[in-house]
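Asker: Mind the numbering: the sequence shown is residues 20 to 586 in my numbering, read in order.
Before we start, here is the structure in question, set down as structure tokens.
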Amino acid sequence: MYRFEHVVYLWLLVSIPILLLNLYLFLKWQRSTIDKLGNRNVVMQQFLGYIPNRFKVKTLLFIGALFFLILALANWQKGSGNATAKRKGVDIMIALDVSKSMWAKDLQPDRLSRAKLFVNKLLDKVENDRVGLIVFAGNAYLQVPITSDHAALKMMLQAVSPDMVPTQGTEVGAAINLACSSLSGKNRNSKTIILISDGEDHDEQSASAIETAKEAVISIQTVGVGSEKGAAIFDPNTQANKIDAQGNEVISKLNRAALETIAQQTNGTYSAIDNMEESLKTITAKIDQMTTTEFESVLYTDYTNYFQIPLAIALLLLMVAMLLTTTTNKLTKTLSVLLLCMWVFNPSLYGQENKLLKKANALYKEKKYKEASQSYQKALQLNQKNSTAHFNNGNSLYGQKNKEAARKEFDQATKWSADKQAKSNAQYNMGNTYMDEKKWEEAIAYYKNALKLNADDQDAKYNLSYALAMKKKEDQNKKKDQQNKKQDQQKKDNKDNKKDQKDHQQKQDQQKDGKNQEEKNNPSQQPSKLSKQQAEQLLQALMQEEKKLQDKKRQERAQPIKKEKDW
């Protein structure tokens, strides 16, 4: 397959017919002007060293050289193999149990941490597949829609905890139903659910949810987390082990039988997470047996550059044109030959840049990011405007965790690239560097830029929605912190007020004791009334206590209804 890498330069070819037309008009004007002066041959012989027709030939050679120079700029390429490969895979929805029972420590460091590690390893083994994430406890929530951006899913996985779901419990049926609806589509037998749980199911939806999965031909691979002996549930929020309604310590056990039943009824597999490698093999073997579906075209072919061919032809035409001077000046001919020889035999014109890029690409594929970056930089020394080298060097620097330097390279790739898709990719990667640093505002801006250039980029759409959600959450947390600071200040003020009231009360008691003594001496004297200042202070204290009581009632009303088994 042949193509031009920089198609935009081909627009310069419009200048060729314009130049030819100008040459024709000029020669026509020259001919008519000479004819007015007299006999053509006689007139032209008056010019010293003039050689007939050489001006026309020389101009045509220059125009021809320009034509081939434009082709060299556009970079004629040939694909080494097929141009594209249809990306095939399956859609996988991971349903991860985040109920409080996942805090149990019968697996080290705890069940949830072990489950997260399992998901990370699984993502590395299903590179060609699209994956989504559902978290569930007392209800199920779609955390990450189906995506091929495994890096974003891994990032989201880090924040998963039981605290992120408002209702506790273990509703396996709700998780299966949500996964089935998220995987809805025409392609049958190309979708699977990976249910990661301890199997402690406290709801009655499981049976109907399993039927839904069977009707949709969605297999469920269950992964048991925990031990059948069980363990107490340590709640980090209360810093104590979980107890039930009767005051007994809760012991959470792996319900292997329930998970095996789900797998058997949906043509899936069961495996235990305590033997992680074996479990991963079981799941990936099952996925490999599934029908794959085409969901994305990925460009993979390496192209060989052939810009040297039109460039060499252009140089040859220029050399001949400069030798064909319109006069017989020998010095001009000699200088022309020397200059062109120096240009033609410059080794940088014979694919050094291309060889360096190929070497760098090979190093990058081997994940030798430092060495790849060095090769890209050498290629950039030959051509600072090579957008592909800038982009790939940015990826290499990103692989080295040097995000600041990577951003500079992605910026250069955007600047020098003439292709909208390439610009969009550079902006998307720029957004990812900020996403890693949780700089949501900057990430949002670059994802928006990527979508302006390529509105169909699904990964950019997902990352944008995720960054927007995290920005909103961050703003809410900041607002909450400000409110907490305000409440702390109010509590401090209340404490100061109470102290003032106590001081005044002590003074009042002292005054009262003194007055009682006076009353004994003078029984007819009446007790004194509260001063205006004391009355205002007491009223303020009563108002603060009333406000506390109302706030407490509002908080009680806002709390969700607790389930009997909230683990």
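Ideal Cβ placement from N, Cα and C applies to all residues, glycine included.
1. Give the DSSP-derived three-state secondary structure of G533 in the structure shown.
2. Look up N324 in the DSSP assignment and say whether it is helix, strand or coil.
3. Quick check on L141: buried or exposed, where buried means 16 or more other Cβ atoms within 10 Å of its Cβ?
4. Could you give the uninterrupted runs of the beta strand (DSSP E) lying entirely in the stretch 253 to 317, keeping only those of 3 residues or more?
5. Mind listing, in chain order, the continuous beta strand (DSSP E) runs of no fewer than 3 residues lying wholly within the stretch 387 to 439?
6. Just mark M183 as buried or exposed, buried being the case when its beta carbon has 16 or more other beta carbons within 10 Å.
7. So does the stretch 145 to 154 actually touch the stretch 163 to 176, counting three or more Cβ pairs closer than 8 Å?
8. Would you check if the distance between the CB atom of S201 and the CB atom of T241 is smaller than 9 Å?
9. DSSP state of A235, grouped into three classes?
10. Alpha carbon to alpha carbon, how far is G418 from Q477?
11. If you run the structure through DSSP and keep just helix, strand and coil, what is L85?
12. State yes or no: is the C-beta of I125 within less than 9 Å of the C-beta of A250?
13. Where does G192 sit, in a helix, a strand or coil, going by DSSP?
14. State the CB to CB distance for the pair T311 and V109, rounded to an integer number of angstroms; the pair is presumed to be in contact (CB under 8 Å).
15. For P181, count the other beta carbons within 10 Å of its own beta carbon; 16 or more makes it buried, fewer makes it exposed. Which is it?
16. Measuring only the C-alpha atoms, how far is L416 from L38?
17. If you pair each beta-carbon of the stretch 403 to 414 with each one of the stretch 442 to 459, do three or more pairs fall below 8 Å?
18. Return the chain-ordered list of same chain residues with a C-beta closer than 8 Å to the C-beta of Q536, the five sequence neighbours on each side being excluded.
19. My guess is that K490 and E460 are in contact by the Cβ rule of under 8 Å, so how many angstroms apart are they, rounded?
20. Applying the criterion that 16 or more other CB atoms from any shown protein chain within 10 Å of the CB defines a buried residue, is Q508 buried or exposed?
21. Count the other C-beta atoms from every protein chain shown that fall within 10 angstroms of the C-beta of G533, then say buried if there are 16 or more, exposed otherwise.
22. When burial is assigned at 16 or more other CB atoms within 10 Å of the CB, is Y43 buried or exposed?
23. Since V154 is in the beta strand (DSSP E), which residue starts that stretch and which ends it?
24. Is any heavy atom in the ligand FAD found nearer than 8 Å to the beta carbon of K389?
25. Candidates K144, A432, K47, D129: which alpha carbon is nearest I252's?
26. Can the beta-carbon of I292 be found less than 9 Å from the beta-carbon of R133?
27. Could you check the C-alpha separation between D430 and L299 for me, to the nearest Å?
28. For L214, write down the residues that DSSP places opposite it in a beta bridge.
29. CB G245 to CB G218, shorter than 9 Å?
30. So, helix, strand or coil for K107, using DSSP?
31. Hey, could you find the ends of the alpha helix (DSSP H) V26 is sitting in?
32. For E190, count the other beta carbons within 10 Å of its own beta carbon; 16 or more makes it buried, fewer makes it exposed. Which is it?
33. Could you please give me the residues that DSSP links to I166 through a beta bridge?
Answerer: Concretely, from the data shown:
1. In this predicted model, G533 has a pLDDT of only 44, less than 50, meaning its place in the structure is not dependable enough to derive any value.
2. Three-state DSSP puts N324 in a strand.
3. Counting C-beta atoms within 10 angstroms of its own C-beta, L141 has 16 or more neighbours from the protein chains shown and is therefore classed as buried.
4. Listed in chain order, they are 289 to 291.
5. Within the stretch 387 to 439, no complete beta strand (DSSP E) run reaches 3 residues.
6. Exposed: under 16 other Cβ atoms inside 10 Å.
7. Taking one beta carbon from each stretch, the stretch 145 to 154 and the stretch 163 to 176 have 3 or more pairs nearer than 8 Å; the two touch.
8. In terms of Cβ geometry, S201 and T241 do not form a close pair [threshold 9 Å].
9. If DSSP states are grouped into helix, strand and coil, A235 belongs with coil.
10. Across the structure, G418 and Q477 are spaced so that their CA atoms are roughly 23 Å apart.
11. In the three-state DSSP reduction, L85 falls in the helix class (H, G or I).
12. Before going on, a small fix: residue 125 reads as Asp here, not Ile. The answer is yes: Cβ separation under 9 Å.
13. Helix, per DSSP.
14. Confirmed, Cβ separation roughly 6 Å.
15. Buried, since its Cβ has 16 or more Cβ neighbours within 10 Å.
16. Between the C-alpha atoms of L416 and L38 there is a straight-line separation of about 46 Å.
17. The stretch 403 to 414, when compared against the stretch 442 to 459, does touch it at the 8 Å Cβ threshold.
18. Residue confidence for Q536 is low, a pLDDT of 41 falling below 50, so the modelled location carries little weight and cannot support an answer.
19. Here K490 really is in contact with E460; their C-beta atoms are around 6 Å apart, less than 8 Å.
20. Classification of Q508: exposed, given that the 10 Å Cβ count is below 16.
21. In this predicted model, G533 has a pLDDT of only 44, less than 50, meaning its place in the structure is not dependable; the value taken from the coordinates is given anyway. G533 comes out exposed.
22. Label assigned to Y43: exposed.
23. Unbroken beta strand (DSSP E) run through V154: 149 to 155.
24. With respect to the ligand FAD, the structure offers nothing, as it holds no ligand at all.
25. Closest option to I252, Cα to Cα, is D129.
26. Between I292 and R133, the CB-CB gap stays under 9 Å.
27. Going by the C-alpha atoms only, they are around 40 Å apart.
28. By DSSP's assignment, L214 forms a beta bridge with A114, T241.
29. Annotated as proximal: G245 and G218, with beta-carbon spacing under 9 Å.
30. Under the three-state reduction of DSSP, K107 is assigned to strand.
31. Unbroken run through V26: none, as it is neither H nor E.
32. Looking at its Cβ environment, which holds 16 or more other Cβ atoms inside 10 Å, E190 is buried.
33. Note on residue identity: the sequence assigns Thr, not Ile, to residue 166. Partner(s): V150.
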